[in-house]
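>
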Amino acid sequence: MTRNEAEKKLKRTFGFDKFYDEQWETIDLLLHGKRVLLIEKTGYGKSLCFQFPATQFDGITIIFSPLIALMRDQVHGLNEKGIVAKHINSEQTHEENSQVIQDAIDGKIKILYIAPERQENQEWIEATRRMDLSMIVIDEAHTISVWGHDFRPAFRRIINLVQLLPKELPVLATTATATKRVQTDIEQQISGNLTTIRGNLLRENFNLFVIETKSEDEKLLWLAEKINKLPGTGLLYTGTRVNTEIYARWFDFVGINSTDYNAGLDGDTRKEIEKGLMDNNWKCVVSTNALGMGIDKPDIRFIIHTQIPASPIHYYQEIGRAGRDGQRTFIILFYNSKKDDNGVPEDYKLPKAFVDGGRPNIRKYQKVIDAVKQEQLGEKQLMKKTNLKQTQIV
DNA sequence: CGTTTAGACGTTATCGTCTAAACGGTGCTATAAT
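Residue numbers (this note's numbering): 1356 to 1749.
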């Protein structure tokens, strides 16, 4: 298929006239059975790079997606364009999921979204052998690196599947967030003859500021005075759940319209706040990093961090959600540089705790080993017995 | 770092008080216990 032919089809199904050069380069490689890592900034149109070829293949395209919310949005969008897309996840009943699997085997589905954890499901594994696979896509592929090591190990196990695939089966990994280190990590995982296409990640409309303080109170005072002067609606990230409440209460006290958000809230409340954010119900939403991927609001005008995130990757990911419309956007980072008795800056400690916590210490390993030696235990029982979290056991 | 939790203590039945240790942030899935 030539680019010209492809763009005619593009117009018919997706309503666009032309591909960007790097989009076509990606699609052309995939149509020729190659493996591609595509790194382009938010809003570039990465999804089209797999959605278009998926509609051209005879068989099914399977997409690994990190969040149910992302699956839902994408399936909805595709169905509106008349493309048969479905997802399998825990929000559907077992019967519904089984039906989707059957449809996939019968060739009734073009694009199927799953979470990487599904790879550990026996029914699913057996079913994939009977599907006519056309392409594998790993969406938000930085999660392989950022979550795969400790938080969601299933992301690193995607590679086990990829290695079993025929060499000529196209594989695409996409992300907006990749340092060279993350890029190399993903390249090594996917291996094969992989082509990396790295676009321009610069966000021209961002104004970045770092504000150094000597105490927590300074942050609160600055914010009380300045937030209402910032344009539009924004997000304020704190380091802990408790701080989302503290900051939100403070804002309430000084007359700033806000609400707090974190993963400790129940699903309905979270959805309500996400919707309220879209409708500009508050000046800002005070949140942990739970709010982020999957928030598709074009006009987030400012993002403030009261604590430094665990790494530059985390930071780029979190500020990346702002200013998709290209308008001027304020990005502000607070840093309390006051040193403690050991000469360690205050705001260095929390991110360090997260980084160190990524790998459980030796005593925790020992705890798990001892418990398993004594008796055979399931994962849940093991969590109870050792008083450790799931991520520290698996 | 600040905050929360676990458990030792003492004195002797009911817990307050203290100290040491652990924790802090992201979500999928399947299953046990209600």
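Glycine is no exception: its CB is placed at the ideal position from the N, C-alpha and C atoms.
Note that the structure is a prediction, hence the values are computed from the model and not measured.
If we call anything under 7 Å between Cβ atoms a contact, is Gln1672 one with Leu1705?
no
> Can you list, in chain order, the residues of its chain whose CB lies under 7 Å from that of Ile1582, leaving out five sequence neighbours each side?
Ile1611, Lys1638 and Cys1639
> Which value, in whole angstroms, describes the spacing of the CA atoms of Trp1379 and His1669?
Computed Cα separation, rounded: 29 Å.
> Would you kindly check if the distance between the Cβ of Leu1392 and the Cβ of Ile1541 is under 7 Å?
yes
> Does DSSP classify Val1640 as helix, strand or coil?
strand
> Run through DSSP, which three-state label would Glu1701 get?
In this structure, Glu1701 counts as helix in the three-state DSSP scheme.
> Grouping DSSP H, G and I as helix and E and B as strand, with all else coil, what is Ala1528?
strand
> Starting from Asn1691, trace the beta strand (DSSP E) both ways and give me its first and last residue.
Thr1684 to Asn1691
> Based on DSSP bridge pairs, tell me the residues matched to Ser1613.
Cys1639
> Is the separation between the beta-carbon of Phe1685 and that of Asn1562 shorter than 7 Å?
yes
> Judging by CA-CA distance, which residue of Arg1473, Thr1530, Gly1587 and His1387 is the nearest neighbour of Ile1394?
Thr1530
> For Trp1479 versus Arg1473, is the C-beta spacing smaller than 7 Å?
yes
> Would you call Ala1618 buried or exposed, if buried means 16 or more other Cβ atoms sit within 10 Å of its Cβ?
exposed
> Which residues in the same chain as Leu1632 place their Cβ atom closer than 6 Å to its Cβ, once the five residues preceding and following it in sequence are excluded?
Val1640
> What are the partner residues of Val1492, as DSSP defines its beta bridges?
Bridge partners of Val1492: Ile1418 and Leu1527.
> Report the partner residues of Thr1550 according to the DSSP bridge assignment.
DSSP links Thr1550 through a beta bridge to Val1391.
> Give me, in chain order, the residues of the same chain whose beta-carbon lies closer than 6 Å to that of Lys1694; leave out the 5 immediate sequence neighbours on both sides.
Pro1700
> If you follow the alpha helix (DSSP H) that Ile1466 is part of, which residue opens it and which one closes it?
Run containing Ile1466: none in the alpha helix (DSSP H); it sits in the beta strand (DSSP E), Ile1466 to Ile1469.
> Can you tell me where the beta strand (DSSP E) with Lys1363 in it begins and where it stops?
Run containing Lys1363: none in the beta strand (DSSP E); it sits in the alpha helix (DSSP H), Arg1358 to Phe1369.
> Are the Cβ atoms of Ala1579 and Val1609 separated by less than 7 Å?
yes
> Got a sec, what are the start and stop residues for the alpha helix (DSSP H) Glu1435 sits in?
Ile1423 to Glu1435
> Looking only at its chain, what residues have a beta carbon closer than 6 Å to the beta carbon of Arg1553, apart from the 5 residues adjacent to it on each side?
Ile1394
> Just grab the DSSP bridge partners of Leu1563 for me.
Ile1686
> Exposed or buried, Gly1589, counting other C-beta atoms within 10 Å across all chains shown (16 or more means buried)?
When all chains shown are included, Gly1589 counts as buried.
> Take Arg1683 and list the residues in its own chain whose beta-carbon comes closer than 6 Å to its own, dropping the five residues that flank it on each side.
Once the five neighbours on either side are set aside, the close Cβ partners of Arg1683 are Asn1560.
> Go ahead and pull the three-state DSSP assignment for Tyr1670.
helix
> Smallest Cα separation from Gly1649: which of Pro1408, Arg1427, Phe1419 and Thr1357?
Of the listed residues, the one whose Cα sits closest to Gly1649 is Arg1427.
> Return the bridge partner residues of Tyr1592 from the DSSP annotation.
Ser1642 and His1660
> Between Asn1476, Gly1681 and Gln1538, which lies nearest to Ala1509 when the distance is taken from Cα to Cα?
Asn1476
> Please name the residue, chosen from Glu1523, Ala1665, Ala1424 and Ile1545, that lies closest to Asp1623 on a Cα-to-Cα basis.
Ala1424
> In terms of residues, what are the limits of the alpha helix (DSSP H) holding His1442?
Counting along the chain, His1442 falls outside any alpha helix (DSSP H), though it belongs to the beta strand (DSSP E) covering Ala1440 to His1442.
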